[in-house]
Amino acid sequence: MGFICVLLLSTLTNPADAQKKRSSDFIKFYSDTTDTNEIEKKSKSLPLDPGRLISIQSSEATWMSLDVSPDGSKIAFDFMGDIYEIPFSGGEANQLTDGMAFDSHPRYSPDGKSLLYVSDAHGADNLYYINLEDTSEVTQVTKGKNDGYASGEWTPDGNYIIGAKGKGTPKLWMYHKDGGRGTALISSPSGLKTTDPAIGHEGRYIYFSQRNGSWNYNAQFPQYQIGRYDRETGERTSVTSRYGSAFTPVLSSDGKWMVYGSRFEDKTGLVLRDMFTGSEKWLAYPVQRDDMESQATLGVLPAMSFTPDNENLIASYGGKIHSIPVNGGQSKEISFNVTTELEMGPEVLFKYPISDEKEMIATQIRDAVPSPDGKWLAFTVLNDLYIQELPNGEPKRLTNSGSTEAQPTWSPNGKKLAYVSWNSVEGGAIMSVDPFARRFRPTKLTNKSGIYTNPVFSTNGSKILAFRNDKQVYDDAYGPGFSGALTDIIWIPAEGGDISVIDRAKGRSNPHFIASNDRIYLNRFGTLVSIRWDGTDEKEHVTVTGITTYSPFNLETSLQEKTEWQTPAEILHPEENHAKENNPPSRAALIQMAPTGDQAMAQVNNDIYVVTVPITGGSTPSISVANASSAPFPSKKLTTIGGQFPTWSSDASKVHWSIGNGHFIYDLDDAEAFEDSVKAAKKLEEEEKKKEEANKKTEDDKKDDSKEDGDQVESNSEKDESESPKKEDKKDESYKPLELSIDIMIEKDIPESSILLKNARIITAKGNEVIEGGDILIKNNRIIEVGKNLAPNGAQVMDMTGKTITPGFVDTHAHMWPNWGIHKEEIYNYAANLAYGVTTNRDPQTATTDVLTYSDMVETGRMLGPRVYSTGPGFGFWAYNVKSLEEAQNVMKQYSKYYDTKTIKMYLAGNREQRQWIIQAAREQNIMPTTEGALDWKLNMTQLIDGYPGHEHSLPIYPIYNDVIDVIAKSKMAVTPTLLVSYGGPWAENYYYSRENPYNDPKLNNYTPYSVLASNTRRRPGWFRDDEHVFQKHAETMTKIVEAGGLAGVGSHGQLEGLGYHWELWAVAAGGMSNLDAIRVATILGAEAIGLDGDVGSIEEGKLADLIILSGNPLDDLRNTNTVTHVMKNGRLYDANNLNEVYPRKVKAKPFSWNRPKPQSLGLPGTNK
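See the structure below:
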């Protein structure tokens, strides 16, 4: 067969020849207004009102599915989320659907009277059909709220519809056109994905695309094959076995032909199969690149159709519609022209000025715990231990150790605080301090160094229980977690002394006690257990679960079980989870028994609950708080906007928690009294209402009697409207916990000095400006003047002859995940990025809030690193399943009021309706949301139409034509493609790892721990031919967006800290982008994408002094971005090779703890070979 294919190639249609340069297509923003009353809302069932109207005229389209009518007179196709129809001969398109709903994949009914399509018009994907004789008549076939549909197809009799239903691994379902719930045709195995159904002319066999799992990163072939389902026997078989895969079958009406897509080398073609003989040949090559290495939510290829006479195949590629003769010969283009107005969500763009105030309020308090008498609160800020008298006392710092201090716990008598400490030299310890002494003298209680966590006093105060592992384990931990395999549960005397081991931790956490017994209570993955002090007799007491989140991926579970072994990329992109369609209920991350022993407090998905714990004597009781009011035992949800670090008061009457620098105290007795008063008031109101109704009935009876006597009675319709009762605003009838703002003032690191950098080539990123032999005058942390021959005015002068200066790089998609829980005083990720020229970064998914404290550490000069911005934990599908706009507004307050993140990551947080609620809430609270690309082209398009201002990861398909490019550019949706982890093909990092030599890079070795560098560079899977890589094609899309005036960013994704940013920058430019534009993407465009361009991103008067000094010129060779000699951040200048500060102070950087001598340098005994 391979030999035949080669012979046929010379006679194939070459679709590339049919592509012509667009000359008349245009997209114009017709209206850009927040007064949505000016725009008629057409998608009435979606919550978001359009804020922009786009006038579109186009004769090309990106990813266009189509169908030919049964009589051969018309072609239906989808374009930008709407359905159109043209005469078969081509021409002006007639729009059949409109509005913000995303409509796709049209299929004519066998009688040609109806058109089936997929739409999210009611907030989630469902199957609909429209009456073509009266297009106002639309029938909704399915009515799910949590399903996905890529496509649907009619049975030949026109009575049934076959749909591919599901989010990650859809299965074939059959529905009757007149309604009903339908039935699954294929339901197992769970990991099987079936999509693109096509039905044979006799109606018995359904052909479809099939594979195991939703997709694979860095995929090996084959990925898909054509499957067949027998409607009579239920048998499923495979009908192809091609190396290049086989997908998206389409069948001729006479049963003779099947056409399907397949990959040959790096391109996609169409294969013609004779269904009678089984012989195959190539029909067209190359055509539209398939989507089989992503989620294929609009099909693996756009839908195609045979003409009724079966002599031609109608397909889209090259942005056009083509008729391809089945018997060979040249294809013919069928022209179309779309003229329409596209509704789009309101603009959600904000600016976030950076203040030069000397002081700021610390962003976060951590580990806050009340004293036993409830009068004091202990907590940490910037890893320093504080206490504060409640409710509004002055915070007092208790120590001055220079080490990390964390997880304070009070002795039962309230006279001591124990806590854990850590520094990279001495390791960790359990410490104690008298918080009320006249002079604070911390005491070290442990006599053996290690990493200690979760200390807690025993009920009688004689012992302190904690977890312990060796210091070396934490020394070797360079990411969020560390290996817990050898972690012990230990205790020491409260006054200090030797360690006694109770048991291995075995995944258990959060030790605590109750007053009525001496058992140790612990958490184990959502279950509360207890053990004796000798580690024996483990008992399970209760399991607590919560809501079922939107997605099959639950990050909470992933973090509990796998963090110690996984990188951020592996945690955030888990292929195996997408084999699950139904997510189990979320498990409690923390369960803590009340000191009285009758209740427990549980934290589930960032919300806090109190549940009653029954003693059953049988199987472990399981309590679901998905709806706390209907839980099997009395339960109550305490939070409305979320909470962290929850804990009980010592008398179990109150629950405390913190969020940001806010601290909340929920008084259970006050809440119950408040709720009782509300119930009493409602009861009284109902009684009064009944009395009024009775009185009114008596009056009406009297009026009826008077009518009979001939009296005139005024009708209700004649009454003055002012007499009717006015509708009152709905009162908030919920108890509100006491909220305290813990304001710890911290001093920012702002230098006080001036410097003049002279005679440099300055790439300002201000438009296309490049200044040869230019000067930059800097005072403190701001640029005062940029130009030539500037006077120093007393400033220190530094000659930059031969150097090129650019703005500091902005990484709009970094994952510099540091150590969580117990914070380290230096983080290699931060140092590496700064040394390689990244002066500002934004992490669009931090998973936890530890980053808030680390960011403050950098801001105050306690830690070297770029400016650390983040979205905080993603507004994500593992934590939420928002049910209303109000809920979205409440959750959003975490980010706008308490975390002050400025941007959020809307991380696949639900269906279309839910995503629209989230962007509405973000806009109201001045938050710029970015989005997860998720290898999902349909999702990407809906997020664009909804007005989301950011998109993370590459758009999964290519090529992308001007219909989409122009809307992205004009709408200012900033795209950060993270090509090192490209969608739709091999990751670009594999290209660089296999073609560069990072392991032997001295600078990279200085800033990267050996274990990290070796695991990335010495042995790794992932070699691909140059032409198999897709990052260059995605880079062409980025070039088009930038040239069209759009926003783009460089995001290294945490793949290789420091150098990885430059790899990503070079990859972004690999599609023909000019070097100057690439520098602008890395600086000013990235800054604008995250709302910081007023202060960073360009070298201009008044902006912050964030600069890079290069020995090479990146305008000549973009690889010269990696010739950084010095980095200036916030007015401080560092030597990029060692991060010694050279201006205004001369200060050597502390030795990096991750730099350890190599064994060959130690003169050790061993062989000389």
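Add 14 to the 1-based position in the sequence shown for the working numbering, that's all there is to it.
Where a beta carbon is used, it is the ideal one built from N, C-alpha and C, also for glycine.
Computed from a predicted structure; not experimentally measured.
GLN224 places its beta carbon less than 8 angstroms from that of LYS207. For ALA529, the closest C-alpha among the options VAL487, ASN474 and ASP490 is that of ASN474. For the pair MET942 and THR917, the CB atoms are nearer than the 8 angstroms cut-off.
Using a 10 angstroms sphere on the CB of TYR122, the tally of other CB atoms reaches 16 or more, which defines it as buried.
HIS1076: member of the alpha helix (DSSP H) spanning 1073-1082, first to last residue. TYR1021 and ALA983 have their C-alpha atoms some 37 angstroms from each other.
For the pair of segments examined, the region 68-86 was found to touch the region 302-320: the number of CB pairs separated by less than 8 angstroms reaches three. Sequence-distant partners of VAL624 (beyond 5 residues in either direction) whose C-beta falls short of 6 angstroms from its own C-beta, in its chain, are GLN613, MET615 and LYS650. In the pairwise beta carbon analysis, the region 175-189 is classified as touching the region 210-220: at least three pairs are separated by under 8 angstroms.
For ILE375, DSSP records a beta bridge to MET759.
The three-state reading of DSSP puts ASN1014 in helix, counting H, G and I together.
For LYS157, the three-state secondary structure derived from DSSP is coil. For VAL487, there is no enclosing beta strand (DSSP E); the residue is part of the alpha helix (DSSP H) that begins and ends at 485-489. Secondary structure at ARG926: helix, using DSSP grouped into helix, strand and coil. As a beta-bridge residue in DSSP terms, ASN537 pairs with SER523 and LEU542. Only buried fits TRP271, as 16 or more other CB atoms lie within 10 angstroms of its CB. GLY193 carries a strand assignment under DSSP once its states are collapsed to helix, strand and coil. Following the DSSP letters along the chain, one finds ILE335 inside the beta strand (DSSP E) bounded by residues 334-339.
Counting only runs that start and end inside the region 807-885, the alpha helix (DSSP H) elements of at least 4 residues fall at 842-849 and 864-873. Going by DSSP, ILE959 is part of the alpha helix (DSSP H) stretching over 951-960. The alpha-carbon of ASN326 is positioned some 11 angstroms away from that of GLN344. Boundaries for ASN230: no alpha helix (DSSP H) harbours it, and the DSSP string shows neither H nor E there.
Assignment of beta-bridge partners to ARG796 by DSSP yields LYS793 and LEU1118. When DSSP states are grouped into helix, strand and coil, LEU969 belongs to the coil group. Annotated three-state conformation of TYR257 is coil, per DSSP.
Excluding its 5 nearest sequence neighbours in each direction, ARG287 has C-beta neighbours in its own chain below 6 angstroms: MET272 and GLU294, listed in chain order. As computed with DSSP, GLU357 is found in a beta bridge with LEU67. Under DSSP, TYR1007 shares a beta bridge with no residue. Counting C-beta pairs with one atom in each stretch, the region 894-913 and the region 331-339 have fewer than three that are closer than 8 angstroms, which means they do not touch. DSSP lists no bridge partner for ALA1101. In this structure, PHE350 keeps its C-beta atom at 8 angstroms or more from the C-beta atom of ILE655.
A distance below 8 angstroms separates the beta carbons of ASP825 and SER1066. One Cα belongs to GLU440, the other to SER415, and the distance between them is close to 12 angstroms. Here the alpha carbon of VAL264 sits roughly 35 angstroms from the alpha carbon of THR992.
Put simply, the region 964-984 does not touch the region 1004-1015. Fewer than three CB pairs are less than 8 angstroms apart. Assignment of ASP112 by DSSP, reduced to helix, strand and coil, places it in the coil class.
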